[in-house]
Structure formats: C-alpha cells, structure tokens
Amino acid sequence: MRYHPLTSDDRALMLSRIGVTSVDDLFVDVPAEHRLDGLLPLPKGASEMGVERTLAAMAAQNRAAGEGPFFVGAGAYRHHIPASVDHLIQRSEFLTSYTPYQAEISQGTLQVLFEFQTQVARLTGMEVANASMYDGSTGAAEAVMMAARITRRKKVLLAGGLHPQYRDVIDTIATGLEVEALPTDPTGTEDLRSAITDDLACIVIQTPSFYGHLIDLKPIAEAAHAAGVLVVSVFTEAVALGAIEPPGALGADIVVGEGQSIGNALNFGGPYVGLFAAKKAHVRQMPGRLAGETVDADGRRGFALTLSTREQHIRRDKATSNICTNSGLCALAFTIHMSLLGEAGLQKLAHLNHAMAVQTADALAAVPGVSVLNDTFFNEFTIRVPGNAAAIIEKLAREGVLGGVPASRLDPAAPDDLIIVAATEMTSEADIARYAAILGDVL
Amino acid sequence: MRYHPLTSDDRALMLSRIGVTSVDDLFVDVPAEHRLDGLLPLPKGASEMGVERTLAAMAAQNRAAGEGPFFVGAGAYRHHIPASVDHLIQRSEFLTSYTPYQAEISQGTLQVLFEFQTQVARLTGMEVANASMYDGSTGAAEAVMMAARITRRKKVLLAGGLHPQYRDVIDTIATGLEVEALPTDPTGTEDLRSAITDDLACIVIQTPSFYGHLIDLKPIAEAAHAAGVLVVSVFTEAVALGAIEPPGALGADIVVGEGQSIGNALNFGGPYVGLFAAKKAHVRQMPGRLAGETVDADGRRGFALTLSTREQHIRRDKATSNICTNSGLCALAFTIHMSLLGEAGLQKLAHLNHAMAVQTADALAAVPGVSVLNDTFFNEFTIRVPGNAAAIIEKLAREGVLGGVPASRLDPAAPDDLIIVAATEMTSEADIARYAAILGDVL
Amino acid sequence: MTFTGNEGLNIAEPLIFETGRTDVTGVDLPDVPAVQSRLGKLARTTPVDLPGLTEPETMRHYVRLSRQNYAIDLGIYPLGSCTMKHNPRLNEKAARMPGFADIHPLQPLSTVPGALALMAELSRWLTTMTGMAAVALSPKAGAQGELAGMMAIRAAIKARGETRTTVLVPESAHGTNPATAAALGYKVTAIKAREDGTVSAEAVRAALSDDVAAIMLTNPNTCGLFEPEVAEIAAAIHEAGAYFYGDGANFNAIVGKTRPGDLGVDAMHINLHKTFSTPHGGGGPGSGPVVLSERLAPFAPVPFLRADGTLVERQDACGEGEVPFGRLTAFHGQMGMYVRALAYMLSHGSDGLREASEDAVLSANYIKASLADVMTVAFPDRPAMHEVLFDERFLKGTGVTTLDFAKAMIDEGFHPMTMYFPLVVPGAMLVEPTESESLASLDLFIAALRDLANAAREGDSARFTEAPRLAPRRRLDETRGARRPILTYETPEPFAEAAE
Amino acid sequence: MTFTGNEGLNIAEPLIFETGRTDVTGVDLPDVPAVQSRLGKLARTTPVDLPGLTEPETMRHYVRLSRQNYAIDLGIYPLGSCTMKHNPRLNEKAARMPGFADIHPLQPLSTVPGALALMAELSRWLTTMTGMAAVALSPKAGAQGELAGMMAIRAAIKARGETRTTVLVPESAHGTNPATAAALGYKVTAIKAREDGTVSAEAVRAALSDDVAAIMLTNPNTCGLFEPEVAEIAAAIHEAGAYFYGDGANFNAIVGKTRPGDLGVDAMHINLHKTFSTPHGGGGPGSGPVVLSERLAPFAPVPFLRADGTLVERQDACGEGEVPFGRLTAFHGQMGMYVRALAYMLSHGSDGLREASEDAVLSANYIKASLADVMTVAFPDRPAMHEVLFDERFLKGTGVTTLDFAKAMIDEGFHPMTMYFPLVVPGAMLVEPTESESLASLDLFIAALRDLANAAREGDSARFTEAPRLAPRRRLDETRGARRPILTYETPEPFAEAAE
Ligand SMILES: Cc1ncc(COP(=O)(O)O)c(C=O)c1O
Ligand SMILES: Cc1ncc(COP(=O)(O)O)c(C=O)c1O
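Protein chains in written order, with our numbering: chain D, 1 to 443; chain G, 444 to 886; chain B, 887 to 1386; chain Y, 1387 to 1886.
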C-alpha cells in the first residue's frame, strides 16, 4: 500500500523485538468471537489513478456552479477565491499540523489565529473574537447558550428573519433552553421591539435576513438592553459587512456569522467557518479556542492558546462548550483572503456584489408576474413568482439556470411562491439577462 | 495593481529621496523621440477573476486528453502523475527559487539535482548525468556537438528511426557539423552497422525508435567503437527503460532522452526535461549544469554546482554549450515521481504500459485492412491503414478518438498511410475497444 | 546577532496590522456598475480598519509564518489520541474537483446526483467497517458526533416514555465526553479504571441503575488499551436499559480487526480527520459522522439519506419510522471531508484498511518494546493498541518534568507526544506513531528518546528545563497570556509611540 | 548539540539512496494483464537499482529539502539580471487547466484551437510591446532565443548571398552572448565600454566592417544603464549591412516606456521567466521567444503561426516568403510558460505593465540613492534602470571581499545580489529589486546593507569571512567539488562500511 512505509521484512523484525510471532498476538484483548477473520466485504485497495477516475466520474454528475448562470445563496455564496489563498492553505506546515498546543513550534498557526481574531473583531465591530466555530449555524447555537450563561436566563427568542436551518440547529442544540421562534418573516416587517420581554436571555436577529432584508439593530438593541436582554446578531454573508454598518456599532452583544464567503469554496455545504465575536467583558463565557499575545522566555513576542480553562480539555463537564476540533484551515483561508482584500478591497467587493444584486433584482422585477419583496437588501433578495417556486426552480435548472432557493425548501411554514435570489461579483450581466429571459419563458 | 506593493505615497517619498520629481526623470537616457507617451495599444489590466475566465474559455476550446480515448505519443506520453508530485513542485521554496548559485541557501535544489543525476545515470546505465537539458530534442543536438568535440570529427550519422523533429533540431543546431540522415525507417530494419565509417563523430540511434521498434545497440556499438565512432542513444519514452535493457549496458557513449513521461504533464509540448548521461571520462565535455557532493566549512556534507568552467557564465565563447536556464522544476518533478516509483514501481509501470500497448496492437491488427508493422515495441507501434493516415486521424477525432500521429505529419518523406499509436497505463480496455470499433467504421 | 534579527532562512514576520495599509489591496476587481443603492440607511459609515496586502506581500507573510510550524510533512507527529497520519495529496485534489468544491448545498438536488452518491458510498463504507445499521454524516467534528449520538440515545429513551439523567464516563475519557453529556443536561458519573488501565464490567455494573442513560466508553481507550470486557460491559448496559456510546477517536487501531457493532456499541462517532486522514489543518476542519445501531437509527438527525439514496432535509418531510431528533448544522455536513475520506477508503480498500490498523498497532508496540527499559510504561501488561502510554516515573528525582521532556524533543526535531492526558496516570505521555512511519523514522525517534531519557537520568537537566532552545520561540509565558489576555491587535496610540 | 543533529524545525535529510529501498513503491498500479511480450530479446535483465519511497516518506523528504532553499516567497531576491519578481499563483492555476496541461502537441490541430489562439494572443502582446513585426515563440529559454535570433540573422545574410564571420559583443555582456555567437561559428570581437559604463557609437563604428554580421547588445545593459546611443549604434550597424541583436533579459525596465523596435533592434529574445514572471523553479524551465523585425521575420524557425492563425510545422509546408532557418526544438515550445506569461500580461494590461517597469526602475534608484554614501556605485552619473551596480571599492582595506559581503547578507535573511558580474567592474554587486518589493521591504534591505557596510568599515570582518553561520550550510568547498567531482551517489561498499 503506497501510504504504508513498513515492508514485510520490517514487520518481521519489529514483531521479534516486541517478542510476538504475529500481529494478531497484539489483538488478544479483542474478544475472540468478535475478531474478524477475513477481510471486510468491501473492495480491495485501488491505485491513485483508479480512485481519481472513480471520484471524477461522481463529480462529473454534479452541475458545478461555474457551468452557467448561478443565483443560489441563502447561507452560502459563490465568490471568487484568489489562487494564492488555496495555494497557501495547502502549505504542508499549515495543512498537516495539529491544533497549536505546542506553541514554540506552532507560531505560524497561532499568529494566523491572532490575525483572524482581530480581523473578525474589526469586521463585526466587536472587541474580541474566537479562533472559529464549525460554521455559522452551530456558532449561533453556541451564542444562545453563552447568552443564557451570562444572563442566567433560559428563554430565547428567534426573529422571523433567521435562516430556518439556523433556527432548527439552535432548537436542537440549545437543549436546556426554551427557544421560541417568531413566524417566518419574508417581508422584513416584523416588530421585534415589542416582542422583547425581560425574561429573555437573548434575541437572535439575522441581518441581512434570510430573505435579504437589512434590519436596523439599533432600536431593538436599545429595547433589549433596557430589559437586560442580550442581542445576538447573525449574518450568513460576511461580505455584506463591507457595505453595511457592523452589528457591533448598532449594539449587538454577540455577533456570529458564516465566514465561508471569504476564502472558502461552496463545498456543498462544508467545511465552512463560524465567526464568533463578543464583548471583552464576556470573554470568559465564550466557547472555542482563543489565541493570545504573550512573550517567550527570551522576551520575544509570541502567541499561545489562552483562557483554556473555558474549554473541554481542561474543564471537562464544566466547559463553556464541547467543541474541540474547529475550522482552523478555513479560518486561515478567511484570514489570507481578508489580508488580500484589505479595507479597500472588501468595500469594493461588497459594493460590486450589491450592484450585481440590484441589477438582478431590477431585471427580475421586470419579468411579468414577478415581484421583488425587498425594500433593502445587500446581495440577496426574495422574489414572489406566480406558481410553485420549487417547480419553477427545477424548470430553470433544466434550462441551465440555477435561479435561487425556494424558501419553502428550508421552511415548511414559508409561502411556496418565494425564491431567494443571490448575486455576487461572479454574476455577469449576461447571466442576469439569461435568467430573466428563461424565467419569463418558464412561467 | 494587485502585484505592485508601492503606493502613490511610497512613490512620492522614493522620488524625493532620489532627488527627482517624476519617474520619467529616470528614463532620460531613452532617446526622447522613442519614449512612449501614452499607453501601449493593448487592453488595460484585468481582475484575477476576469483573467481566469478568459483563459478558461480558451482552454475549454481544446480537447483534453482525459476527455476520451487517447493514443497519441510520438515523443510525448500521457501518464498518470501522482498528486503529491504536483503538490511538491509548487512548494514556494522550489518553485520560486533561482539557479542554486548560493549553495548555502539552496541545498534543497542542489540535493534534488544530485538525486536526479543519480537516477538518470542509473536508469540509462551510464556513469554520470547532468542536471537537465531543455528537452530530449535539444539534448540530442548537444550530444552530437559533444561527440564532435570528443572525437574532433565533423560528420554525424542519424539513424532512420530517429524522431523526425529531433533530426530537424540536430540539423538546425549542430551548425558546424556535417549531418547525414538515413532514410526514414518505418519497419525498423535498416542496417546501421554497415553505414558506419571511420570519419564519423557519432551515430545517433533512437530506441524504441520513432516507429516503436526496439533496436539492439550492442552490435552497432561494437562496430562503431571499432571505428572510433561514438554511439549516441536517444529515447523519447523514459518509462521504456523500466522494461528494456538500458543503452549504457549495450555500449552507448552518450544517452539522451526526453524525461517528460516521468512526472510531467503533456503541456502541448513543453516545458519538458532533457535527460543527458555519459561516461565519466567525457564529463568535462558535457553541456549543462552539474551538482556535486562536497563538504561545508564545518565538514558537513553538502552539494554545490561544480565543473562550471565548462559553462557559458564562466567560459563564455569557449563554453561547451550556451545553455543557462534549464529544466530545473521539471527535473524535480521527474525526481519526485521516480522516487515514488522506485525500481519496483517503475518496472510494474513499464510492464503495464507494454501490456496495454500489446492489447491495443492486437485489437487494431484485427481491424480489416489494418496491419501492425512492428515485431518488437514497448508502448508504441506503427500501423498501416488503407488510406490517408492524416484524414483517418481527423475522422477518428471527430468521433472522439485521438488515434495517434500520422508519420507524415512530422516527416514528409514518410509514407502517408502510417499511424504511430501509443498506449500507456492510462489506456483502458474500453478505450481500446472503442478505438478498434471506430477505426473499423471510418475506414 | 544579526542586524535584522533574522537568522538565515528563519525570517521574522510582523503582524499584518503592522505592515498592511487600509488603502492597499491584493484583489483587483472590475469597476462597480452605477446602481441605485438598496442599502437604505444601513450603508456602512464607520471604517473597518482592515489592512490590505498586495499578493507578493501576502505570499511572503504566510509562507514565512508557515515555516514556524511543525507538520506531519516534516516529521513524526506522535500525538496520542490525535492520529496524525499521512494526508494523501490525491484526497486534496479530489476535494477540489469543481463537481465537489463548486456545488452549492441548496442547488436543486436533481443537479447533484454525484454528491448524493458519494455520501451514500461513504455511508456504506462506514457502516460496513463498524457493523452498524446506519450513519448520520452531518456532525461537524467528533465532539458534535458525540452530541448526535447522545441526542439519539436521549430521543430513544424518551420514545420509550422514560427519562434518565445519568451518564457513566470512565475517568480516562477525553474532555469532550463529559462536556457533551453535561451540555445535554446529564449528570456525569465517573467510572474508575482498574490497576491495569481498563474498565471492569463489575465497576460498570456497580454504577448502573435505571437512571443511567448511557455509558460513553472509548475503545481502544485513551491509555491505548483494548477494553477486554467490552462485550460484557455492553451486555450489562443493555440489560439496564441504557445505551453504549462508543467514542471512536481510536478507531484507527481496529479497522478490519473487529467491528464495534459486534461489540455492542449503539452509537459511535468517527473522526474522519483521524482514522480517515483528512488533514487537521492546524485545528480543523474535521468531520464526525456517527454510526448508529438498528435501535437508534430512526432518531438520526436531518439531513439523512434513505436507503434509496434520497436525502431528507426537513423533519416534516419524514416518513414512517423516521423520527429525527433535530438538525445539528445548516446544510449537509462536511462534504469536503467526505470526499477526502472516501478517497482514503477507496485507496486502501479492505486489505489496506486492515494493514493500516495492524501497522499502527505494530508500531506502537515496537516503540513500547524499544523504550520500556529507559522510560516507564504505564500499563505494561497488555499489548498496546495504536498508542502507548508512558508516565513520569522514569523522571523521578531528575528534576525533569513531563513538560520539560516534551520540550527537549522539540529541539531534537520532533513534535512531542500528548502530555498529561489521560488524567489517570501522573505526567502521562501518550505516543501514537500511526502507520505512516517507516522503520527508519521509528528507530530515529526511539534513539532520540533513549538518549533523552539517559540524559535526564544523568543529570543533564538544563537540556530539558531550558528547552526548547532551537525552535522559532522558547517557552511562552502562558500565565501572563491568561491573566491579561491580549486577543486582538490594538494599534499603538501615536503618542505612546512618540513617548518611547 | 542535539542527539539527532536536528535543530528544532531544521531537520537533516539524507539522500533517497540512503533511505529508499528498491522493493518499496509509492505508486500503486492495477495488475498487469497477461500478454505475449513484444520486447523480444531486449527485455531488461539488469536491475535499475532505483530506490523507492512510499508517499509519506516522499512528502517528508522533499518538504524537508525544500526548507533548505531561499525563495522569492521568503524575501527579496535581488539577483541582478535575473528579474526575480513575484510569481502570481493565478498563473500556476491557469497553466494546470486540463485544456492546456492535458493536451498533446501532436493531437490534430483541429482539436486545439484554444491553444493556437493563446499562442496568437501571446504573439500579439509580445510584438506590440516590442514594436516588432513577428515573433518566434519556440525557443526554450533566453539562450536558445539568442540562437534563434542569430540564426535568423545568419540566414538573412546568406539570403543576400553574403558571408560574414564576426559578431560584436560588449565586454559587459552575459556569457550566453559570446557562447551563442561562438556556437554558430562566429568570431567574437569585444567592444569596450566607456568610463560611464555605456557603449559609444564611436567604438561600434570603429569595430564595424563588412565582415560583421551583427552586434549583440543588451539594453538596458548589464550595468543597469540604458544605452544612450542605442539608436545611433543601430543606425551604424544597419549602415554596415549588419544586424542588431538585442538581448532582452533586461526588458523589465522599459516595457511601455520605449519599444526596442523603434530603437532599431532586429531581433531580441524575451525571457518570459524574467520580465513575465514565469517561475524560475530552481533553474528552469524558462521560455525565450524572439521577436523579429520585418527583415528577419521570413527566416523564423518552424513552428510558426501565420497571421491567419494557422500553425506551420514543417519547412516543406512553407509558402512564399516563408524561409525558416530550421527547427529549434521538437513540438511547439514552452506552452506551459506561454499560459503563465499571458496571464501575467492580461492581469497587468498596458497600464500595469508600464507601472511594473516604472516601479522596478524607481526601486533600483531608491536603493542606489539610499546606499550611495556607504557603498560605491559603479556608475553613479546616469540614472539606474531596473538594477543598480555597486563595486568593491567601499570594501577596500577592510579584508572583506564582495563574496564575503554577500555571504553575510545570507545570515541577515537576504539572498545576495548577483556577484562578480558584469565583468567590467571589480567585485561587482548587481542589485535588482524588481517592482515586487514594498517600501518596507526595501527599507529593511537598505538598513541591513548599511549596517553591514558600516560593520565592514569598522573592522568586524569575522562577520563576513565566517559567513554564513546561520544558513543550512556554511560555505561549501567548491574546489574539492571540482577536483574530484562526485556527481552521482555511489552505494558504499559493504566492506568499506565494516572497516570504519
Ligand atoms: C478520544 C477523543 N474523543 C473525542 C475527541 C473529539 O473529537 P473532535 O476534536 O473531532 O471534536 C477527540 C479528539 O481530539 C479524542 O481524542
Ligand atoms: C543578460 C542575460 N542574457 C541572457 C540570459 C540567458 O537567458 P536564459 O537563462 O533564459 O537562457 C540571461 C539570463 O540569465 C541574462 O541575464
């Protein structure tokens, strides 16, 4: 086997040093009746060439985003990733290293995490950020539990603009809490201020919302804070923060979001990277790893994991979260891409996304029977179509256009005539024209 | 521009340190009438996204080998390259370093070259090898000139089995010499022994030949050596040497070949890597760079470029060759792939190639009207078809089969009904069956 | 020593916040078409203060930083419990095929049959290797797999109309086990190990009651031993109406040798980033599919694949006998890791998988046998599985601690083993070589540890207490880090700079 | 100091011949079908004696070796004449698109229209930038481009029915220039430079005769100066019936600022691996297209592209006015480099190309201005172009040589500049920063050189003569290497080992 350096001679020599005659002698503790005799009923090993062929054949059955007009978003976005990002994350020293517990020989990863934390904090307008969560949805669940720990309250309110799958994840994971979800809110008009009660640990608000609306957190945060309620702000499109006011500036207490848009490919949903930012005062209640600046024995600046007493490997059943492995490499990709963008690049990217979405919205609104529900949006908005959204999306797909996500695919409570449509810098004017034309045809 | 770190502020500061007011002040030596005023009549810079799109559109117009049955060889071969090879050669420290003139900080490249030289010497059965030539064809020209230097003779004989383009390259580059080429030899039956005369510097023989025949160098080498003539042995398929006797064992004095097959993609013809091996006695007449083992000031083993007094940067108009930049990175790919293969892997690879070629030959020979010209071959052979080979190849291509190379495409003197057909480990039985079937159809 | 502070190829690198500038970018973009803004009053007014670097600066910054890391590709990485094995580059290539990397989780499922087929194929391999009925692929890492398994158990108990509030966890367990149980509101009861490092069925039986929901047992356990009474423990658990959660982090020892399902496991997560070689990437991402027994299968979370290959994404779309406990993550889990793991499985095949386990176990026992006379093996009597546990007894009286010993290994060119885990032996050193090491590599490692052990015994303690001296940094002051944590870069005030 | 000889992350690595084994392989292959061998009596009987490594061993071996190299991605690489600029990764990605990397040079041309279009587009950029009539793409590197250009010149002279046997080459020329001329049988006449480092038209005129075939002139020249009399020289050359071969290695200084064709150049190679950023790869591959004037265009070698986009592969397939001098390489040249170079050009565009040249020249002059007081600028009076030449005068009396000075730079974390070239000044140090350096990087470099120059002056000579001390190796014994060259690994005789 090409990955196994030991030869039969090596094995014989090793067995004799150990003092046994066969490798099976090392498995004597396995109950005899449960030892496998022959091979598992699975194919035998294959050449690299063969495996590549098998997997390439599977991949070829999927319609890649790049093959034609593509407007799918709703939590994951197709952006251009500079070639240097993917090159750098494949450096052996980044790709094949473990969690940086041995700080002296992990300064590369640790400094990157410190840069990542700083970028996330600045992007969200918050004071601190952790070294990543699995993704935005699980980060949202962790945020809710953190809010409950801070406030020592058990009730949680989810706004109607929250991504339905995020809602389901919070509902599933935050098991000890009472989670109430407001009705889904396609028009972005729900009144959150009046839903706030003083027994809430937090209110969870997504902006831009699942349906694309920009929500002004400020008045809500004021009402929440007056009631001792924390505001958990959620985003699924990190690029948006280049063009809209950051949640931190509007009063959010915890900000969580999906970081996939920066540096990470679509990957059919994972791996992604959860961004998690908060206020300094709450740092000891945060989940996940933190890299901190310190000095070494010679007084040189260096970085190390810190505040580990929050974590499962130290605190066990008292930990703030059970998370261990996180999204290190995706965080690296985020950091590199963000370093390339910088403020100037991020802002231009955001405005380009917005412009392409506006063009798309205008083009689709001009299709007879189609209306755009949004007054405000960033790079994603919702259209109402005259007919079943899922069926229309299928028809579009057959014509080579991936036109968006039927809201009802994720949320049975959503009307079935809504499509969530996203555009990015990858969207061309030709794509938009084609979408509008085909949509007109299939309606 | 994303690749240019200087900002306008930086430039202003630098100009003031220099003491000029504009960058144009630094171009005063350019004759005023020849200074360009505006921009060149070329498009302005484009985003990475845009460039990628433009190039992908061009690439998509080409029929990649992997898209269907593929039997093209005649000097370049489609082999499977392990993913680790391409990964490793893209390591910054290999990809973006210069020729290892500063040995202390180039040990990586130097040790690789030393390994490469050893591998090439062992593969060819020779005593020494250099650190690469541009490719097999230019290596062949250099070999001829080296033979002339050694023997101080001017006449060169090229066997009829030599790749026609290699022949043309020798003819072009070896300008001071009298190059005589024997008639092209599709059947592999020419009598080379009796063509040897004692005024020859060398005789150049390709084996496996352009038409695929295996040539026994031994009797020819005996005759040549008796006449003081050197034998230059050429190969275009390095994998063959895993299955056939190496030229060094059969009496070759200089062995040159194309190394593309090991570790390097087809790339429409380049970059490739020329392998160049010889006898120790002739090393001071060799062209190209050589890495040698030595020790550092602390007595530690290390490697450095050596015998540079042969080279242009030291010897200028007395150099053994004008070559400077060579094929370092392709040599690295060769070395890595060869290290992965090892003797066991190389031999199996060679025998697999041979087996697929035998199956192909048998299948095509069974097509009515088609005959195989070869008694012996490695992974490539010649068929005679009833009709114009070039036209048939076009018809096959239209059916999705790339069936080989019409001999007459490269050599106007070759009969126009011959196709050179290659198979490799990438050839599947389905490919073979399809080729035979379609060939039957188009004839 | 040098003017620059650099030392040859070891080049110091500041933070991007010290070198980048907010008006510089390494990403060129087309011009933004003029449109009527739809951002309303929420258009950004505050600066982000994010520095940018051009591409050449970016390359250098991250390449230089990377060179301050150890990695599998640099040498043996014997972190016990972490299974730092070779990461094949084929797997990276496959995961980047546009048909896998450039597909959206919410594009119509009719446009991604290959993706669903890949998930089904991966499921087949996982259930066959473990001898289990079903698998929930979506958990994002091992810890979430634990959550998934324990939630399925809780749902199954609830479906029986019961409530149980206790979970048994051996003391040697990984931190995620008690953390997971606690996150679900369970009371954690610790089970003590025997002298020989294993758990006795007797101890388990003594702790059982009808309030016990499950045991979370790692097998092979974190001392590197196969639990000899595992089947008996399983029987006792089941008899008490409880479930057997298996922590599969150590599955690499037994693939193709025995099947957890046969041993009585009801649920077990599999860290694809351990046993199945998806790269750790400096801390993640991972993937933690959880295999489930027949009894737990109905409770698998959405999304799940039906036997006919269809993907069920919503709880309200379930059919009979499908009672998912919920959803653990948006979308479908770690597709990028599925591709890599399946590439690993197809490459190895049934024969290669078994060989991997055998070589891993063989290598651990070889290290054990080769060091037993100079270091102290915590549990010498049973064969080790894929990892071998040493303790600090051999350092007694030398003034050298486990930590010092580990740091001296860094100077020798090795990544240290896992230290101070499991908690059940003092100064634990858990060594897991994996199957990826050649005999030459093992021998070099062994020779170095022998030399170090001898040096410690001979009183050369500075070699240890001052270590590492040859790494990019010497020991970091971690308490200072924790007392006044500096978690983000703060631009120095200009006047502070001037004052210096 | 350590037992292993390793120093933290700097890990020693033997040769594959010392670790690999001939029965080990890192490549699994399907079984070989049984066939009747057609190898005849030439089937291999002798062993190859090639060691194999598994994939994990291979990764480590080459990753460890790579870490002993300096690289652009690690820091400034100021090798004068080499143009070590940033290598964009987009270009690597594009070159690996299957439509470029996985196409065969001899598959029907009807199946590769995109490849031909790319070559045509590259040709358009090259001829437009240089103001020339045509380009021969196929030369494999600069030196072969020289051969191509000089052969075209020879063919043109022959077509006029003349023979000329002399080529003029300034003393400062790169070694490939005289080597190329000599390879073609020309007598090389050296032209002396003036005091100010440039060539005078007068000196050229004095050397001209009707035996002179060409002048090979590098402009900007290898002293980093633009030849102010280039147009006059060209006129004189042409008047004498000779041709002007331009060495385009230094084209990076003037792209978009002036066109060689306008200056009177008849043929000029362009190193795509310098000006157009294709990676040097530790020595190659490169690509050396040669642009040709109207008069030389007909003699371009096969293969060449016609204006209509068709590719002419054979001399006998030529039409009227097409009289190629021959063929320089099998197939069509360095396609992989064409893709990268075109990606560079499209990315930069007309504006970015000019900016690159301006920044390169600006940076060289900034270095010159910043070091002029502590080092000695060889030709201080004219503006430098993209590189600046220092000489050894500032080291006089310090006991430090140019070589020592360069080696001390290694300890400081820098790759040295080009040394002892050009030959026209003693102890030359040719510094070419390129446009890829940030101001911070330039300042760091300048500060280090200032510190070093001061240290040399102040008598700290050990810092230089003992340097490098912090690199993977100290200075190598190059004479020993050359006296008894060891060019391949020889397995030690077993008895020799025993005797030790
Ligand atoms: C024994 C054991 N259990 C559980 C885990 C947690 O897995 P993960 O890090 O994938 O969440 C680990 C990993 O470190 C482990 O070693
Ligand atoms: C001035 C000059 N001319 C010619 C060459 C030769 O080019 P190449 O190395 O591409 O053959 C070089 C490259 O080193 C050079 O610097």
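Beta carbons: idealized from backbone N, C-alpha and C, even for Gly.
Minimum C-alpha distance to G/Asn817 - residue among G/Ala517, G/Leu458, G/Tyr654 and G/Cys645
Against the second sequence, residue 817 of chain G aligns to sequence position 374. Among G/Ala517, G/Leu458, G/Tyr654 and G/Cys645, the Cα nearest to that of G/Asn817 is on G/Tyr654.
Measure the beta-carbon distance from G/Asn822 to G/Ala866 and round it to whole angstroms, keeping in mind my assumption that it falls under 8 angstroms.
On the second sequence, residue 822 of chain G is found 379 positions in, with the first residue counted as 1. On the second sequence, residue 866 of chain G is found 423 positions in, with the first residue counted as 1. Yes, they are in contact, since the Cβ atoms of G/Asn822 and G/Ala866 sit about 6 angstroms apart, within 8 angstroms.
So B/Val949 contacts chain Y; which residues on that side make the cut at Cβ distance below 7 angstroms?
Taking the first residue of the third sequence as position 1, residue 949 of chain B is located at position 63. Asp1459 and Leu1460, listed in chain order.
Please report how far the alpha carbon of B/Lys1078 lies from the alpha carbon of D/Leu158, in whole angstroms.
Walking along the third sequence from the start, residue 1078 of chain B turns up at place 192. Walking along the first sequence from the start, residue 158 of chain D turns up at place 158. Answer to the nearest angstrom: the Cα atoms are 43 angstroms apart.
Enumerate, from N- to C-terminal direction, the unbroken alpha helix (DSSP H) stretches of 4 or more residues contained entirely within the segment 1823-1851 of chain Y.
Within the segment 1823-1851 of chain Y, complete alpha helix (DSSP H) segments of at least 4 residues are found at 1825-1843 and 1848-1851, given in chain order.
Between the Cα of Y/Gly1707 and those of Y/Met1721, Y/Phe1685 and Y/Thr1390, spot the shortest distance and give me the residue it belongs to.
Position 321 of the fourth sequence holds residue 1707 of chain Y. Ranking Y/Met1721, Y/Phe1685 and Y/Thr1390 by Cα distance to Y/Gly1707 puts Y/Phe1685 first.
With a threshold of 6 angstroms on Cβ separation, who are the neighbours of Y/Val1651 within its own chain once the five nearest residues in sequence on each side are excluded?
Here residue 1651 of chain Y is taken as the residue at index 265 of the fourth sequence, counted from 1. The answer, listed in chain order, is Phe1630 and Gly1632.
Neighbouring residues, chain G, relative to D/Met356 (Cβ below 7 angstroms):
Position 356 of the first sequence, counted from the first residue, corresponds to residue 356 of chain D. Residues of chain G passing the Cβ test: none, with the nearest at roughly 12 angstroms.
List the residues of chain G whose Cβ lies closer than 9 angstroms to the Cβ of D/His337, in chain order.
Indexing the first sequence from 1 puts residue 337 of chain D at position 337. Correct list: empty, because the minimum Cβ distance to chain G is about 12 angstroms.
Quick test of your reading: B/Met1154 and B/Thr1016, contact by CB under 8 angstroms. State the CB separation rounded to the nearest angstrom.
The sequence position of residue 1154 of chain B within the third sequence is 268, counting from 1. The sequence position of residue 1016 of chain B within the third sequence is 130, counting from 1. At roughly 6 angstroms, the Cβ-Cβ gap stays under 8 angstroms, so B/Met1154 and B/Thr1016 are in contact.
Where does the unbroken beta strand (DSSP E) through G/Phe746 begin, and where does it stop?
Residue mapping note: residue 746 of chain G aligns to position 303 of the second sequence, counting from 1. Per DSSP, G/Phe746 is one residue of the beta strand (DSSP E) stretching across Arg744 to Leu748.
Starting from the Cα of B/Phe986, find the closest Cα among D/Thr207, D/Phe27, D/Pro287 and D/Ala59 and give me that residue.
Position 100 of the third sequence, counted from the first residue, corresponds to residue 986 of chain B. Checking every option, the nearest Cα to that of B/Phe986 belongs to D/Ala59.
Hey, quick one: how far does the alpha helix (DSSP H) through B/Ala1089 stretch, first residue to last?
Your numbering for residue 1089 of chain B matches position 203 in the third sequence. Residues Ala1087 to Ala1093.
Strictly by DSSP, which residues pair up with G/Thr737?
Within the second sequence, the letter at position 294 stands for residue 737 of chain G. G/Gly745.
State the Cα-Cα distance for the pair B/Ile989 and D/Asn264, rounded to the nearest angstrom.
Taking the third sequence and counting its residues from 1, the one referred to as residue 989 of chain B is at position 103. Taking the first sequence and counting its residues from 1, the one referred to as residue 264 of chain D is at position 264. The alpha-carbon atoms of B/Ile989 and D/Asn264 are separated by roughly 12 angstroms.
Which whole-angstrom value is the C-beta distance of Y/Thr1514 and G/Leu483, which I expect to be below 8 angstroms?
On the fourth sequence, residue 1514 of chain Y is found 128 positions in, with the first residue counted as 1. On the second sequence, residue 483 of chain G is found 40 positions in, with the first residue counted as 1. Rounded, the Cβ-Cβ distance is 6 angstroms, consistent with contact.
So B/Lys1073 is in the beta strand (DSSP E); what residue range does that whole segment cover?
For the purposes of this step, residue 1073 of chain B is identified with residue 187 of the third sequence, where counting begins at 1. Per DSSP, B/Lys1073 belongs to the beta strand (DSSP E) from Lys1073 to Ile1077.
Mapping DSSP to helix, strand and coil, what is G/Ser814?
Residue 814 of chain G sits at position 371 when you count from the first residue of the second sequence. The answer is strand: DSSP assigns G/Ser814 an E or B state.
Segment limits, alpha helix (DSSP H) that includes B/Phe903
Position 17 of the third sequence holds residue 903 of chain B. Note, B/Phe903: alpha helix (DSSP H), Ile902 to Thr905.
Step through the CB atoms of chain B and report whether any lies within less than 8 angstroms of the CB of G/Arg743.
Looking up residue 743 of chain G in the second sequence gives position 300. No, its Cβ sits nowhere closer than 8 angstroms to a Cβ of chain B.
So G/Glu491 is in the alpha helix (DSSP H); what residue range does that whole segment cover?
The residue you call residue 491 of chain G lines up with position 48 of the second sequence. Element bounds for G/Glu491: Glu491 to Ala503.
In three-state DSSP terms, what is D/Pro186?
For this step, residue 186 of chain D is matched to residue 186 along the first sequence. Coil.
Identity of the residues DSSP links to Y/Asp1790 by a beta bridge
Along the fourth sequence, one-based indexing puts residue 1790 of chain Y at 404. Bridge partners of Y/Asp1790: none, in fact.
Which whole-angstrom value is the C-beta distance of B/Val1090 and B/Ala1068, which I expect to be below 8 angstroms?
As a working mapping, residue 1090 of chain B is identified with position 204 in the third sequence. As a working mapping, residue 1068 of chain B is identified with position 182 in the third sequence. Wrong, their Cβ atoms sit about 20 angstroms apart, outside the cutoff.
Interfacial residues, the segment 472-499 of chain G to chain D, with Cβ spacing under 9 angstroms
Ser490, Glu491, Met492, Glu495, Arg496 and Ala499
Are any of the Cβ atoms in chain Y nearer than 8 angstroms to that of G/Cys767?
The residue given as residue 767 of chain G occupies position 324 in the second sequence. Answer yes: the Cβ-Cβ gap between G/Cys767 and chain Y drops below 8 angstroms somewhere.
Proximity to B/Thr890 [Cα-Cα], best of Y/Arg1861, Y/Asp1829 and Y/Lys1660
Counting from 1 along the third sequence, the entry for residue 890 of chain B is found at position 4. Ranking the options by Cα distance to B/Thr890, first place goes to Y/Asp1829.
So which residues of chain D does G/Gln533 contact, with C-beta pairs closer than 9 angstroms?
Counted from its first residue, the second sequence places residue 533 of chain G at position 90. Result: His87 and Gln90.
Assigned secondary structure, B/Gly1000 (DSSP; H/G/I helix, E/B strand, else coil):
Within the third sequence, residue 1000 of chain B is the residue found at index 114, counting from 1. Helix.
Cβ-Cβ distance between Y/Pro1812 and Y/Pro1464 below 8 angstroms:
Taking the first residue of the fourth sequence as 1, we reach residue 1812 of chain Y at position 426. Taking the first residue of the fourth sequence as 1, we reach residue 1464 of chain Y at position 78. Not closer than 8 angstroms, so no.
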